[in-house]
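This note's numbering numbers the first residue of the sequence shown as 10 and each following residue consecutively.
Idealized CB from N, CA, C, for every residue including glycine.
This one's a predicted model, so the numbers in the text were calculated from it and none came from an experiment.
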Amino acid sequence: MGSSKNGMVRVPRLRCPFPAAMNPHADGVHRETVEWAEGFGLLASGESRRMVRDTRIGWLAGRFHPCAGREELRLISDWCAWMFLRDDLADDPAYFRHPERLAALDAAFLDILSGRISGEEHGPFGRALRDLRERLLPKVPGPLWLRRFLRSVEEHFESTLWEATNRARGVTPDLATYVRMRPITGGMHVDTDFIEVTSGIYLPPEVRRERVVSTLTEASNNVVCWANDIISLAKERSRGDVHNLVLVLCESRRLPLGEAVAEAVRMYEAEVRRFVRLEKELPSFGPAVDDNLRRYVWVLKTRMRGNLEWTYESARYRVGAASP
């Protein structure tokens, strides 16, 4: 693994063998998401407006959900914007060293999303989240889906609180813990839930929990998250954030940075190969379910490739950009 003239380790360009796809509504939806965030007062400065614009959130939604209708894609795009801005809020000095404040804020957000409170008293973020809930409810496939979705959001909030607590205590997580937590901190379970909303793909709970299916989903989540970690390494090093696969490998295995990058790339490529192998092992559940399962696997493939394309084209993971 070579080094550049300024001493920074070169990160190789990652590859993904799956097809790329883009939702035709992505450009228009992206512009509307920027306007939505601005309209709710989520963008307090010109800098934050540029961040949302340059992050190309509509493109992220479009690459993750290429078959979604315009209305559904707009909902996903706005949701991603809200989540990114909420994560950036967690990096604010008022919360960065005070995990208990972040926990109280997230508890209120869960109450809003669950419909227990209106959100009016929680400012722009509360009102925007209430809007997202009101637009989501008519599209919910059923009460079981909503329960699962709320649980996924709660787990994501808890995982970012875990990160905040680590930062406050100066703790670097061990490798096994980090690998287990990373898809949750990355919001992958939330996005997986959204596949049913955007694509009309329903998999019975017993199918989703089947070993090969669940492991296939796990591998795809790892591919997405580890690609983000590798590509965003320079930015996270510049911020002093240790929640990155490469930096965790440095600490856990006492590796020099260049060797840790190479190991992270090997792990990424191994997960891609694991996904390819597992797809060939999928059992049959009958014609109707098998058709939905094939469509689900296709979405996972386009999401892995789409994440890679978006991460390279977005400003979010460049040094000097807003916090991931």
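For the region 152-164 against the region 119-132, are there 3 or more C-beta pairs whose distance is under 8 Å? Put simply, the region 152-164 touches the region 119-132. At least three CB pairs are less than 8 Å apart.
Closer than 8 Å by C-beta to E164: which residues in its own chain qualify, once you throw out the five before and the five after it? Chain order, please. If you number the sequence shown from 1, residue 164 lands on position 155. Closer than 8 Å at Cβ, skipping near neighbours: I193 and H198.
Report the rounded CA-to-CA distance for V6 versus Y277, giving the unit in angstroms. A query on residue 6 cannot be resolved here, the shown segment of the chain reaching from 10 to 333 and no further.
Work out the CA separation of A228 and V221 for me, nearest whole Å. Translated into positions along the sequence shown, residue 221 becomes position 212. Translated into positions along the sequence shown, residue 228 becomes position 219. A direct Cα-Cα distance of roughly 10 Å separates V221 from A228.
DSSP state of E260 mapped onto helix, strand, coil: Counted from its first residue, the sequence shown places residue 260 at position 251. In the three-state reduction of the DSSP assignment, E260 falls in the helix class.
Curious, which full-length alpha helix (DSSP H) runs of at least 4 residues does the region 233-278 contain? Listed in chain order, the alpha helix (DSSP H) runs fully inside the region 233-278 are 242-248 and 254-262, counting runs of at least 4 residues.
Taking the Cβ atom as the reference point for each residue, do T169 and A90 lie within a distance shorter than 8 Å? In the sequence shown, residue 169 corresponds to position 160, counting from 1. In the sequence shown, residue 90 corresponds to position 81, counting from 1. Taking 8 Å as the Cβ cut-off, T169 and A90 do not qualify as a contacting pair.
With a threshold of 8 Å, are at least 3 pairs of Cβ atoms found where one atom belongs to the region 58-69 and the other to the region 23-42? Segments in contact, yes.
Measuring CA to CA, which of W154, R139, A30 and G128 is closest to W88? As a working note, residue 88 is residue 79 in the sequence shown. Of the candidates W154, R139, A30 and G128, the one whose C-alpha sits nearest the C-alpha of W88 is R139.
Euclidean distance between Cα positions of G124 and N32: Numbered from 1 along the sequence shown, position 115 holds the residue referred to as residue 124. Numbered from 1 along the sequence shown, position 23 holds the residue referred to as residue 32. Approximately 31 Å between the Cα atoms of the pair.
Pairs of beta-carbons, one from the region 96-109 and one from the region 172-184, closer than 8 Å: are there three or more? Yes, they touch.
Rounded to whole angstroms, what is the Cα-Cα separation between D115 and F134? Sequence index remark: in the sequence shown, residue 115 carries index 106 (1-based). Sequence index remark: in the sequence shown, residue 134 carries index 125 (1-based). Straight through space, the alpha carbons of F134 and D115 are spaced by roughly 11 Å.
Is there contact here, the region 17-25 with the region 312-324, by at least three beta-carbon pairs under 8 Å? A contact exists between the region 17-25 and the region 312-324.
DSSP-derived helix/strand/coil call for H5: Nothing about residue 5 can be read from this structure; the chain reaches only from 10 to 333.
Distance, R282 Cα to E129 Cα: Residue numbering aside, residue 129 sits at position 120 when the sequence shown is read from its first letter. Residue numbering aside, residue 282 sits at position 273 when the sequence shown is read from its first letter. In this structure, the straight-line span from the alpha carbon of E129 to that of R282 is close to 48 Å.
Distance between D202 and L302 (C-alpha atoms, nearest Å): Here residue 302 is taken as the residue at index 293 of the sequence shown, counted from 1. Here residue 202 is taken as the residue at index 193 of the sequence shown, counted from 1. Straight-line Cα distance between these residues: approximately 14 Å.
N- and C-terminal bounds of the alpha helix (DSSP H) containing Y305: Stepping through the sequence shown from its first residue, residue 305 is reached at position 296. For Y305, the enclosing alpha helix (DSSP H) starts and ends at P296 to E322.
Identify every run of the alpha helix (DSSP H) within the region 39-72, keeping only runs that are complete inside it and at least 4 residues long; order them along the chain. Taking only runs of at least 4 residues, the alpha helix (DSSP H) segments lying wholly in the region 39-72 are 55-64.
Alpha-carbon to alpha-carbon, S323 and A331: Mapped onto the sequence shown, residue 331 falls at position 322. Mapped onto the sequence shown, residue 323 falls at position 314. Reliability of the predicted coordinates at A331 is poor, the pLDDT of 39 falling under 50, and the value obtained from them is presented with this limitation in mind. Whole-angstrom Cα-Cα distance: 11 Å.
Give the straight-line distance between the Cα atoms of G249 and V257, rounded to the nearest whole angstrom. Counting from 1 along the sequence shown, the entry for residue 249 is found at position 240. Counting from 1 along the sequence shown, the entry for residue 257 is found at position 248. Near 12 Å, if we compare the C-alpha coordinates of V257 and G249.
DSSP-derived helix/strand/coil call for F27: Along the sequence shown, read from residue 1 onward, the residue named residue 27 stands at position 18. It is coil, neither helix nor strand.
Just to confirm my understanding: we take S261, look at its own chain, exclude 5 residues before and 5 after, and list those with CB closer than 7 Å. What are they? Within the sequence shown, residue 261 is the residue found at index 252, counting from 1. Closer than 7 Å at Cβ, skipping near neighbours: D183 and L184.
8 Å Cβ shell around Y104 - same chain, five flanking residues per side excluded: Here residue 104 is taken as the residue at index 95 of the sequence shown, counted from 1. Closer than 8 Å at the Cβ level, and outside the excluded window around Y104, lie L98, R110, L111, L114 and A173.
What does the alpha-carbon distance come out to for the pair L145 and L84? Residue 145 sits at position 136 when you count from the first residue of the sequence shown. Residue 84 sits at position 75 when you count from the first residue of the sequence shown. Answer to the nearest angstrom: the Cα atoms are 7 Å apart.
Have a look at A297, A137, W307 and H34 and flag the residue whose alpha-carbon is nearest the alpha-carbon of G48. Start at 1 with the first residue of the sequence shown, and residue 48 comes out as number 39. For the residues A297, A137, W307 and H34, the minimum Cα distance to G48 belongs to A137.
Quick one: what does DSSP say G151 is sitting in, helix, strand or coil? As a working note, residue 151 is residue 142 in the sequence shown. If DSSP states are grouped into helix, strand and coil, G151 belongs with coil.
Limits of the alpha helix (DSSP H) - the one that R142 falls within: As a first step, residue 142 must be located in the sequence shown, where it is residue number 133. Where R142 is concerned, the enclosing alpha helix (DSSP H) stretches over G132 to L145.
Put E80 into one of helix, strand or coil per three-state DSSP. Numbered from 1 along the sequence shown, position 71 holds the residue referred to as residue 80. Residue state for E80 is assigned as helix, using DSSP reduced to three classes.
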